[in-house]
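Step one of this worksheet: look at the structure below.
Next up, the structure:
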């Protein structure tokens, strides 16, 4: 991927965040366009084939998820990344169902965002998609039956104690299985694990 062939739209209501992300991505060679709200982004009608959207989740007038849903309705959906300072599994699921490629919790390392952009801009590359799916299915096959059960509970947003009660096992055992799932799936965060689950149809994007 050549960064300068893609336009990255940053939508965030906080000026320091917009300025910081804009500077970072510009230095890395990306073309960047900054928007202070979802409304200003939509008003600019910025969609193009080689574009990627980075949007904050908790904006006052229109949330990042609502923005993605609006783009879906107009048929102008572009590969998108949702960022938030207060992420959890239900919000990650909502973002993925709305079409987000990734869901990133603040604070995050620069390379985490750049990797997410790379995944986003390759979203419609079928060869890459097939290769990624094959790798995910291979990782999934490495899970034991109990680890799969724990995974189902995790991506449903259940607490460890609830999973332990449902499976009639010790909460500490759930923690161990959960750590094993994260390691075997090579997931760096819960939102990334949710993205993987949706990709292999463990979690239906439509709910």
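Residue numbers (my numbering): 5 to 211.
Backbone N, C-alpha and C define an ideal beta-carbon position, used for all residues, glycine too.
Residue i (DSSP reduced to helix, strand or coil)
i           : result
residue 108 : strand
residue 48  : coil
residue 116 : helix
residue 30  : helix
residue 178 : helix
residue 173 : coil
residue 3   : Because the chain is modelled from 5 through 211, residue 3 falls outside the range shown and cannot be assessed.
residue 60  : strand
residue 206 : coil
residue 2   : Coverage of the chain is limited to positions 5 through 211, which leaves residue 2 absent and any answer about it impossible.
residue 160 : coil
residue 193 : coil
residue 102 : coil
residue 35  : strand
residue 128 : Its pLDDT being 49, under 50, residue 128 is placed unreliably in this model, and the value from its coordinates should be taken loosely. If DSSP states are grouped into helix, strand and coil, residue 128 belongs with coil.
residue 84  : strand
Option in the options with minimal Cα separation from residue i
i           : options              : result
residue 19  : 180, 41 and 144      : 41
residue 28  : 117, 71 and 48       : 117
residue 54  : 45, 65 and 34        : 34
residue 63  : 119, 114, 16 and 123 : 16
residue 102 : 67, 90 and 162       : 67
residue 56  : 181, 69, 105 and 183 : 105
residue 196 : 181, 69, 140 and 169 : 140
Whether residue i touches residue j by CB criterion (9 Å)
i           : j           : result
residue 121 : residue 107 : no
residue 152 : residue 173 : no
residue 13  : residue 58  : yes
residue 167 : residue 185 : no
residue 93  : residue 194 : yes
residue 37  : residue 11  : yes
residue 143 : residue 200 : yes
residue 154 : residue 182 : yes
residue 109 : residue 89  : yes
Residue i CB to nearest heavy atom of the ligand MG below 8 Å
i          : result
residue 28 : With respect to small molecules bound, the structure shown includes none, and the ligand MG cannot be examined in it.
C-alpha gap between residue i and residue j, whole angstroms
i           : j           : result
residue 159 : residue 190 : 15 Å
residue 9   : residue 75  : 22 Å
residue 138 : residue 145 : 11 Å
residue 83  : residue 125 : 6 Å
residue 165 : residue 43  : 41 Å
residue 112 : residue 148 : 31 Å
residue 171 : residue 24  : 45 Å
residue 156 : residue 136 : 21 Å
residue 198 : residue 97  : 7 Å
residue 204 : residue 119 : 20 Å
residue 47  : residue 32  : 27 Å
residue 176 : residue 162 : 15 Å
residue 78  : residue 169 : 44 Å
residue 21  : residue 69  : 18 Å
residue 45  : residue 180 : 44 Å
residue 39  : residue 26  : 10 Å
Cβ distance (whole Å) where residue i is taken to contact residue j below 8 Å
i          : j          : result
residue 61 : residue 95 : 6 Å
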